[in-house]
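Below is one structure, written out as structure tokens; the observations come after it.
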Amino acid sequence: MKHTLLLLLISITFTAQAGNPLIKDIGMSDPHIRVYKDTVYLFTGHDDHPDDKLWVMKDWRVFSSTDLVNWKQETTISTKDNYMPDNSKDCWAGDAATRNGKYYFYFSDQKRSIGVMVADSPGGHYIDALGKPLVSPMHDPTAFIDDDENKTPYIVYGDKAGGGYRVARLNEDMISLAETTKPIQIIGEEWESAPKFMDKNYLFKHKGTYYLSWGRDYATSTNIYGPYTCVGAMGNGHKLDQFAHGSFFWYHGQFYHIWTYYLRSGFKYRECIMTYCHFDNQGNIVTDMNFLDKHFARGVGQYESSWPKIEAEWYYGKSEALTKQDAAEGGFEITNIENGSWLKFSNMDFKNIDFESKRRTFQARVTQIKSPGTIEIRLDSPTGSLIGTAAVKADDVLNGNTSISCHLNEVEGKRDLYLSFTSEVQSPFNLNYFSFGSDEATSVDEMAEKSFSIFPNPSHNGVFYLNEAHKWNVFYTSGVQVARGQGTVVDLSGFGTGLYLFRSATHRNKLIVR
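One gets the numbering used here by counting positions in the sequence shown from 1 and adding 199 to each.
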């Protein structure tokens with residue numbers, strides 16, 4: 200085994216505030232993320248130069264983060280510390296695992312072999328554990344620890360041209376095989392049509408099902424050895440394609456997908472993308488391209504109050520009971536709300552909220568309403584400073600799907616936002632999305648001076664008749680839209696008693712009294 204002076208192994212560390220790409224201009228490839236003691240560790244390959252037309256990969260890198268926004272390079276893993284040649288340019292994909300207080304890095308020597316290195320901490324430094332390959336030939340390992348009683352470890356590796364992926368159980372020492380490797384059978388068109396070069400698998404388990412992914416596609420099985428049945432694409436767009444070497448991870452109750460892409464066709468230089476990820480009601484993977492479409496450069500774990508809509512499923516943290524489910528109107532919503540549960544949206548930037556010129560509001564879309572309850576808008580913790588309370592009232596229970604709102608106390612700068620729920624019953628409602636806006640109605644009295652009577656008023660069973668047909672909208676006095684339509688009839692029969700604003704192409708801010 201080769202040894203080098205520790206001085207040569209100390210990498211230059213830096214901190215970068217990430218969006219997408221995750222960290223620019225460093226040639227980041229083949230990302231695998233592991234979470235150890237509430238810290239995220241990102242193990243990546245390293246493409247040498249943007250103008251390289253062949254893969255030139257001289258080492259691997261390890262980064263860490265505690266918020267998915269600020270990243271620090273912990274170490275560079277060098278071929279000087281394993282059996283590969285010192286001047287190798289073949290540092291292909293690797294992965295990491297921990298057991299018995301040690302940390303293991305499984306690396307590829309191009310397609311020739313897979314070796315294993317060990318360290319006392321996830322940030323290194325890593326040295327060769329064997330001085331020879333763990334398996335050969337083939338490459339691109341995934342280290343997988345099952346959720347069974349023994350937390351059984353496995354290694355998965357290989358490519359389609361080499362006969363497909365293979366799997367083997369590891370011994371307790373994590374540096375030797377407990378069995379002969381076995382081929383994994385994958386059934387389905389997505390694997391049949393995958394190119395011969397398809398390598399870089401990733402394997403994880405969710406609710407008793409094993410998910411085996413490659414490129415943008417994946418397959419599932421109830422047995423780690425297979426056979427696996429193709430499901431299809433994990434998402435479409437943003438370079439999630441056959442070259443998208445990627446992985447998944449859980450952090451603070453949220454699920455994430457990270458993958459790599461080439462900056463220019465024909466050149467071997469990559470960067471990484473990260474976004475929120477979900478499981479639909481059937482257990483299918485849904486990579487959140489909606490977030491990337493709208494907020495690509497901002498990245499996960501950070502938010503702006505000026506966004507027109509902040510989806511509830513984009514949370515950074517949550518209380519344990521809360522879950523995601525399919526929303527009837529598309530996308531996802533948060534369910535299983537109970538008294539004291541909460542969602543966290545870290546690094547909410549309030550810089551675009553001007554509290555001096557207008558009253559500011561919090562607005563939320565709630566569905567499946569069963570009982571009254573509240574959403575408390577708090578800062579820095581689930582019980583932190585209260586800046587507003589939006590209530591689902593008894594009358595709202597009759598409405599089905601609706602919007603609620605409240606005014607906000609003044610807040611400045613970048614703060615962690617918590618939505619804390621109160622209710623006397625389990626699952627009083629679901630939360631779809633929320634936003635911040637302004638209350639254009641400065642007062643109900645002022646609006647009353649501009650109002651006109653819609654005949655009849657009071658209505659007959661909540662139905663108002665207009666003198667002429669046109670498009671119209673109805674809002675709470677806070678400015679939150681609650682209904683829209685076209686014609687001569689405004690049907691508010693499903694709305695509770697109160698004040699509403701009527702607006703159309705010819706009339707703005709007309710007061711309706713129910």
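The beta-carbon is built from N, C-alpha and C at its ideal position, and this holds for glycine as well.
- In terms of Cβ geometry, Y450 and P321 do not form a close pair [threshold 7 Å].
- Pairing C429 with W390 gives a Cβ-Cβ distance under 7 Å.
- The stretch 224 to 244 and the stretch 313 to 331 touch, with three or more beta-carbon pairs separated by less than 8 Å.
- Sequence-distant Cβ neighbours of V596 in its own chain, meaning closer than 6 Å and more than five residues away, are I568.
- When DSSP states are grouped into helix, strand and coil, L491 belongs to the helix group.
- Relative to the Cα of G500, the nearest Cα in the group G465, D548 and L462 belongs to D548.
- Along the length of the stretch 373 to 428, whole alpha helix (DSSP H) runs at least 4 residues long occupy 388 to 391, reported in chain order.
- Secondary structure at D548: strand, using DSSP grouped into helix, strand and coil.
- As the crow flies, the alpha-carbon of M488 is around 38 Å from that of L333.
- If you look at A292, you'll find it in the beta strand (DSSP E) that goes C290 to R298.
- Here H338 is buried, its C-beta having at least 16 other C-beta atoms within 10 Å.
- Taking C-beta atoms under 8 Å as the contact rule, D294 and A342 qualify, at a distance of about 5 Å.
- In the three-state DSSP reduction, W259 falls in the strand class (E or B).
- Counting other Cβ atoms within 10 Å of its Cβ, Q272 reaches 16 or more and is therefore classed as buried.
- Counting of Cβ neighbours within 10 angstroms places Q625 among the exposed residues, the total staying below 16.
- Under the three-state reduction of DSSP output, W513 falls in the helix class.
- Bounds of the beta strand (DSSP E) holding R469 are R469 to F478.
- Between the C-alpha atoms of T275 and A563 there is a straight-line separation of about 46 Å.
- Leaving aside the five residues that flank A526 on each side, the residues in its chain whose CB is nearer than 6 Å to its CB run, in chain order, E532 and N631.
- In chain order, V430 place their CB closer than 7 Å to the CB of N483, counting only its own chain and leaving out the 5 sequence neighbours on each side.
- Between M316 and N286, the C-beta spacing is not below 7 Å.
- The residues C429, in chain order, have a CB closer than 8 Å to that of E388 in the same chain once the five nearest residues on each side in sequence are set aside.
- Under the 8 Å Cβ criterion, the stretch 508 to 523 counts as touching the stretch 435 to 452, having at least three qualifying pairs.
- Take P581, set aside five residues on each side of it, and the residues of its chain with a beta-carbon closer than 7 Å to its own are W541, Y617 and S619, in chain order.
- In the DSSP assignment, the residues bridged to F531 are D525.
- With fewer than 16 other CB atoms across the displayed protein chains lying within 10 angstroms of its CB, R683 is exposed.
- Remark: C-beta atoms of G226 and A496 do not approach each other more closely than 7 Å.
- The secondary-structure analysis by DSSP pairs S634 across a beta bridge with Q562.
- Inclusion of P336 and G363 in the CB contact set at 7 Å is not warranted, their separation being larger than that value.
- Note: Y282 is not bridge-paired with any residue in the DSSP secondary-structure output.
- Taking the C-beta atoms as reference points, G636 is found nearer than 7 Å to T560.
- C-alpha of T421 to C-alpha of Y410: approximately 9 Å in a straight line.
- Here DSSP, grouped into helix, strand and coil, assigns V596 to helix.
- If the five residues before and after S703 are omitted, its C-beta is found closer than 6 Å to the C-beta atoms of H669 and W671, all from its own chain and listed in chain order.
- C471 places its beta carbon 7 Å or farther from that of P249.
- The Cβ atoms of V485 and D479 lie closer than 7 Å to each other.
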